[in-house]
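In structure tokens:
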């Protein structure tokens with residue numbers, strides 16, 4: 032069986048409006064794919080549908096051959112999908128440590144004990160990679176965070192929870208140049224671990240060093256074209272009209 | 002600040018002149034009426050956690066700011082479950098200029114429980130340059146639970162800074178989804194959100210009193 036996140040003929044309607052109209056996409060383990068498209072073309076809706084927030088009208092989503100349709104979001108997450116939100120909510124009163132500990136404890140098999148030492152080592156290593164000092168561990172999730180800090184917090188969670196696939200919803204927005212370098216390093220590390228990624232972005236330059244395996248151009252809920260970095264370059268240089 | 006239990010300090014007439022630099026913990030029985038008086042320059046904190054002690058719980062509290070530059074920071078956490086009925090009646094009364102008072106009341110209400118919060122700020126004519134704030138946040142966790150909030154202001158002086166506000170609502174679905182998207186079950190997510198809601202007050206409590214049911 033091939034390890035992959037596979038989406039086939041996915042349709043999504045929200046309030047009687049067709050948002051996705053037959054999206055098909057397959058991301059083998061460890062590969063990086065990029066989704067581009069105009070505002071409102073359905074990129075974020077696709078990511079939210081995959082993780083179980085939006086009810087899918089028809090189509091198939093499988094992870095390593097197992098259907099994810101109809102599963103609650105927490106089960107989908109435990110199977111190995113992680114959504115890095117475009118605008119993550121803040122959780123005043125919940126520290127980053129509490130959130131991650133609860134998330135990992137939810138993944139524990141029955142009868143197994145939580146490894147606190149390993150958790151703290153993993154958290155410390157991830158914070159170091161993300162350029163966060165130790166005070167971050169006790170900060171309340173996204174509470175009072177700048178836009179860039181929220182994105183770094185999302186990536187920190189991805190690094191600690193170590194999913195099979197990460198869906199990045201504009202992880203690059205709001206980041207300064209240095210934070211962007213850190214973010215690319217983190218995605219590379221995830222890829223080295225065999226984690227696949229679907230990245231929604233409006234900008235292609237930062238993707239150069241990641242060498243993505245596929246670029247997909249979404250138009251009105253359908254993947255209109257797929258290609259390599261040349262497609263991303265064409266969009267960046269001449270706009271969406273040039274490739275439509 | 003030194004933590005002091007109100008039960009050990011409150012006189013029989015229910016009127017206490019608060020010493021400065023203390024954090025008063027209300028540990029009184031289920032139903033109690035009292036007045037706390039703050040003299041000149043007195044700074045104090047007040048914490049109350051109304052929980053599962055009794056079926057019916059009631060507080061009738063007057064905070065009287067009698068001295069210039071007196072300063073009160075009060076936090077009340079109310080947690081009602083089952084068929085409990087919990088009522089708070091409070092007055093922040095500013096009687097002289099330049100006093101400050103802040104009162105925060107947070108409540109969670111589950112099952113068929115009922116919470117009523119009636120709180121009033123009164124600024125007397127001699128109490129110019131007063132600063133008084135009251136905030137009430139209610140988290141309703143069941144369709145059958147009930148929360149009533151009535152914040153009031155009575156201001157008889159100019160040149161004051163007063164604010165009050167109350168919110169009543171359920172668990173934010175976006176917060177719950179965020180936690181579930183991390184693999185946390187809906188049941189645990191709701192518990193985390195409830196505990197986080199109370200955290201702002203719980204963390205101020207001395208060890209041993211900081212429990213959330």
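Protein chains in written order, with our numbering: chain W, 32 to 275; chain B, 2 to 214.
Glycine included, every Cβ here is placed at the ideal spot set by N, Cα and C.
As the structure is a prediction and not an experimental result, all values here were calculated from the model.
query: At least three beta-carbon pairs within less than 8 Å, the segment 159 to 176 of chain W to the segment 139 to 146 of chain W; result: no
query: Range of the contiguous beta strand (DSSP E) that encloses residue 161(W); result: Residue 161(W) -> no beta strand (DSSP E), and no H or E assigned at all.
query: Proximity test, Cβ basis, 8 Å: residue 99(B) and chain W; result: no
query: CA-to-CA distance, residue 214(W) to residue 294(W), given in whole angstroms; result: Outside the shown range of chain W, which is 32 to 275, sits residue 294(W), and nothing can be said about it.
query: Reduced DSSP category for residue 168(B) - H, G, I as helix; E, B as strand; rest coil; result: strand
query: Enclosing beta strand (DSSP E) for residue 1(B) [first to last residue]; result: No answer is possible for residue 1(B): the residues shown for chain B start at 2 and end at 214.
query: Where the beta strand (DSSP E) containing residue 257(W) begins and where it ends; result: 253 to 258
query: Closest by C-alpha distance to residue 1(B), when choosing among 105(B), 47(B), 78(B); result: Not covered by the structure: residue 1(B). The range shown for chain B is 2 to 214.
query: Reference residue 221(W); option with closest CA among 253(W), 181(W), 161(W); result: 161(W)
query: Distance between residue 75(B) and residue 143(B) (C-alpha atoms, nearest Å); result: 27 Å
query: Unbroken alpha helix (DSSP H) run spanning residue 166(W), endpoints; result: Per DSSP, residue 166(W) belongs to no alpha helix (DSSP H) and is neither H nor E.
query: Residue 285(W) and residue 185(W) closer than 8 Å at C-beta; result: Any property of residue 285(W) remains undetermined from this structure, which presents chain W solely from 32 to 275.
query: Burial state of residue 204(B), where buried means 16 or more other Cβ atoms lie within 10 Å; result: exposed
query: Partner residues on chain W for residue 184(B), Cβ-Cβ distance less than 7 Å; result: 105, 108, 109, 134, 137, 138
query: Cα-Cα separation between residue 207(B) and residue 11(B), rounded to whole angstroms; result: 20 Å
query: Selection of the segment 183 to 202 of chain B by Cβ proximity to chain W, strictly under 9 Å; result: 183, 184, 185, 186, 187, 189, 190, 193, 194, 196, 197, 198, 199, 200, 201
query: Proximity test, Cβ basis, 8 Å: residue 78(W) and chain B; result: no
query: Residues of the segment 36 to 48 of chain B whose Cβ lies closer than 9 Å to any Cβ of chain W, in chain order; result: none
query: Start-end ranges of the beta strand (DSSP E) lying completely within the segment 68 to 99 of chain B, minimum 3 residues; result: 72 to 81, 86 to 95
query: Cβ of residue 192(W) within 8 Å of any chain B Cβ; result: yes
query: Contact set for residue 211(B): own chain, Cβ-Cβ below 8 Å, skip 5 residues either direction; result: Because residue 211(B) carries a pLDDT of 49, less than 50, the predicted location of this residue cannot be relied on, and the following value inherits that uncertainty. For residue 211(B), where only same-chain residues beyond five positions count, the Cβ hits under 8 Å are 203, 204.
query: Minimum C-alpha distance to residue 60(B) - residue among 102(B), 49(B), 39(B), 67(B); result: 49(B)
query: Contact with chain B by residue 4(W), beta-carbon distance below 8 Å; result: Residue numbering for chain W in the displayed model covers 32 to 275; residue 4(W) lies beyond these limits and cannot be assessed.
query: Own chain partners of residue 150(B) with C-beta closer than 7 Å, once the 5 adjacent residues on each side are dropped; result: 118, 137, 139, 167, 169
query: Neighbour-count burial assignment, residue 27(B), 16 or more Cβ in a 10 Å radius; result: buried
query: Residues of its chain near residue 78(B), where Cβ-Cβ distance is below 6 Å and the 5 sequence neighbours each way are ignored; result: 50, 107, 199, 202
query: Residue ranges of each alpha helix (DSSP H) within the segment 65 to 134 of chain W, 4 or longer; result: 74 to 81, 104 to 110
query: Nearest neighbour of residue 175(W), chosen from 90(W), 271(W), 125(W) [CA to CA]; result: 125(W)
query: Cβ neighbours of residue 153(B) in the same chain (closer than 6 Å, five flanking residues each side left out); result: 121
query: Neighbour flag for residue 176(B) against chain W, beta carbons, 8 Å; result: yes
query: Bounding residues of the beta strand (DSSP E) (the contiguous stretch that carries residue 27(B)); result: 23 to 27
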